[in-house]
Amino acid sequence: MARIKINIKDGTIKRSDKVLGIDLGTTNSLVAFVDSSTGNAICLGEEGDKIVPSVIYVTPENELIVGQAAKSHLIEEADNTVYSVKRLLGRSYTDIAGHSSSFGYHIMPDDSKAMVNINIRGKIYNPIELSAQILKSLKVKAELALGEPISKAVITVPAYFNDSQRQATRDAGKLAGLDVLRIVNEPTAASLAYGIGLDKSQTTTIAVYDLGGGTFDITILSIQNGVFEVLSTNGDTYTGGDDFDRAIITYWCEQHQLNMQQLEADKSVYQEIRLKAEEAKKHLSTNDTFESTIAVFNNVYTLSIDRSSFEKSIQPIVEKTLKCCRMALKDAGLTHEDIQDVVMVGGSTRTPYVIESVKRLFRKERVNNSLNPDEVVALGAAIEADILAGNRKDILLLDVTPLSLGIETLGGMMDTIIPRNSKVPTNAGRQYTTSKDGQLSLRISVYQGEREMVADNRKLGEFILDGIPAMPAGLPKIDIRFMLNADGILSIEAVELRSGIKQTIEIQPQYGLTDKEVETMLLAAMSNAEADMHKRQLAETITEAEQVLYQCRKLLFSNNDLLSEEEKSSTGMAIEELEELCKGDNREAINQSMERLNSVTRPFAERLMDQAIGKALTGKKLDAL
Ligand code: AMP
């Protein structure tokens, strides 16, 4: 019997301290909770009803229905039924272009970087609000099972999710009325479900192989003293059990000389055959053959496939996942011998061919697949939720940030504050100063990426620190601090230390950076390293020359009457020459010209320069922005 606690004095409903663990999956979602009386994590819901299909149906009255009831509309009303919305979270149309035809519903074409929109019955929905509907239905499910209103949760995401996707997940939670205490990586949750890492004295290195419906992730985790560290991740956001279904459809098309494009053109026919293919795949996990019939295009077809033909048709897909595993091992600097355990996650790891292929790759007699592969992530999320609820104090989770974070300094250069692969949560800062006398404000532009010049990296946002008291260039001390929380969300604080003025921002999500883009950015950084170094050196030299020019012009202006005519004219000429060279890219010539200007001005500079100017011209301690 469900019981809800109400405060009889003021009528408020007592909020529970319970924290839910939620696996917001591509195909299915689950909610779990640690039962304090047993200490065990359990998935909530009636038996056979724990898994909520991540499907949303929009009724003619524009009501949103989630789960099994929505899934039943997939065939008849493909246009009005949204599935795999997780693939769209934090993604722009350009990110998914090329894949948009594989969705049965209408994704609106758009060439901006904004998150995609979906048009259903003439109404526009975004992936956050649709994901929020799934989360809301999980929340209600949990409240019914536990008998009280619950408002706190831990939600899992693939380890490969970038900032935008994590932020979008968090936003969906908020929209569903949940206080999201932590966004946890799915592989971390999966290892917790197997109890790996719960014993503080345990030191181990494991691989988590997660093959779901739509995505594949491999993660190498190092666990030491209750600390989980992601050593490397790899994966493919467009490989999963859905591809197995597609491989079966292709097989059947060949068997019956059916045209795949023709099938795809009729959305409800395609959905019908897709569901048949999925049924065949599941059947083949425990049987050797499958046979069924389907009535399409005024014909009845017998659809059959045996296990070896199935395995042959999915071999290239499984091989793709194995290639990612090899890359992850290589990135972590490890071999199969260093991996003590392999954890299997995701419904597609029920396919025996997948299990055998993974065992062979890691050369293991056995892998961890005793728990229900659909439930492990949710169960682990519940354990993490239990830790955050304060029930297990000695465990800490650490992940790494995939790209460096930094700010733009003079000359368009990237100054990294938090390097790539730093463990999060982390916090780092540097001091900067102004480049002009009396500068009252400072623009701080934040970037993510590995390239030397910010133009080649991705801009996350910018803000202005104003109210700096007027001071000579180089005198203000501006401390810029980056704080990256455990979800990978960045807050920045800028303080001018002499005056105490302060500005903080939380970087707003910039939807649209895909895993592929992260990868491309990393590769570009490697292949352009030398060209980038030259560009950086040139930018540094020009910046230095501009500082010298600025100080020399100031020197001439404020000491005009103290200089001889000859000194004025030779300095003027040297200034002009350097100004001209700064427009080009001959670094050597700029350096020589700077040297000439220095030698022309040296005699009177020695007479006139005050300490502050001298400091600004030589060996500056602080970088100017
Ligand atoms: P997930 O995204 O983790 O919920 O995984 C769902 C995927 O697992 C879908 O592609 C399902 O078709 C697949 N799946 C579920 N049960 C089985 C099974 N018995 N054998 C093979 N694949 C399965």
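Heads up: the sequence shown at position 283 corresponds to 325 in the working numbering, and the numbers run straight through without jumps. For glycine and all other residues, C-beta sits at the position ideal for the given N, C-alpha and C.
Taking C-beta separations shorter than 6 angstroms and ignoring five residues to either side along the sequence, glutamate 582 has no partners in its chain. Taking 7 angstroms as the cut-off, the C-beta of arginine 392 counts as close to a heavy atom of ligand 1. Collapsing the DSSP output to three states places leucine 447 in a strand. Counting of Cβ neighbours within 10 angstroms places glycine 283 among the buried residues, the total reaching 16 or more.
Note that the region 413 to 430 touches the region 73 to 87; at least 3 beta-carbon pairs, one per stretch, sit closer than 8 angstroms. DSSP, read as helix, strand or coil, puts asparagine 602 in helix. Taking 8 angstroms as the cut-off, the Cβ atoms of alanine 195 and leucine 223 count as close. With a threshold of 7 angstroms, the Cβ atom of aspartate 91 does not count as near ligand 1, since no heavy atom of the ligand is closer than that. The beta carbon of alanine 374 sits closer than 7 angstroms to those of Ile262, Leu273 and Ser274, all from its chain and outside the five residues before and after it, given in chain order. For leucine 131, the three-state secondary structure derived from DSSP is coil.
In the three-state scheme derived from DSSP, where H, G and I count as helix and E and B as strand, glutamate 228 is classed as helix. Proline 102 carries a coil assignment under DSSP once its states are collapsed to helix, strand and coil. Ranked by how close their Cα comes to the Cα of valine 590, the residues Glu621, Asp603, Met575 and Asp574 have Glu621 in first place. Every beta strand (DSSP E) of 3 residues or more that sits fully in the region 172 to 214 is shown, in chain order, as 194 to 199. Remark: the C-beta of lysine 519 is outside contact range of ligand 1, defined as less than 7 angstroms to any heavy atom. One Cα belongs to aspartate 91, the other to asparagine 70, and the distance between them is close to 11 angstroms.
Ranked by Cα distance from valine 250, the options Gln382, Glu450, Glu103 and Gly109 are led by Gln382. Ligand 1 has no heavy atom closer than 7 angstroms to the beta-carbon of glycine 87.
The Cβ-Cβ distance between alanine 156 and serine 134 falls below 8 angstroms. For the options Glu119, Gly255 and Asp152, the alpha carbon positioned closest to that of aspartate 416 is the one of Gly255. Within the model, the alpha-carbon separation for isoleucine 64 versus valine 73 is close to 5 angstroms. Assigned with DSSP and collapsed to three states, valine 272 falls in strand. By alpha-carbon distance to alanine 616, the top candidate from Ile290, Arg644 and Asn628 is Arg644.
Remark: C-beta atoms of valine 127 and serine 96 approach each other more closely than 8 angstroms. Between isoleucine 315 and valine 419, the alpha-carbon positions lie close to 29 angstroms from each other. In this structure, the beta-carbon distance from serine 477 to proline 511 does not fall below 8 angstroms. Nearest C-alpha to methionine 386 among Thr279, Pro514 and Tyr236: Tyr236. The C-alpha of aspartate 205 is placed about 15 angstroms away from the C-alpha of phenylalanine 524. With respect to the C-alpha of leucine 452, the residue from Ile486, Ser464 and Thr363 having the closest C-alpha is Ile486. Relative to ligand 1, the nearest heavy atom lies less than 7 angstroms away from the CB of aspartate 284.
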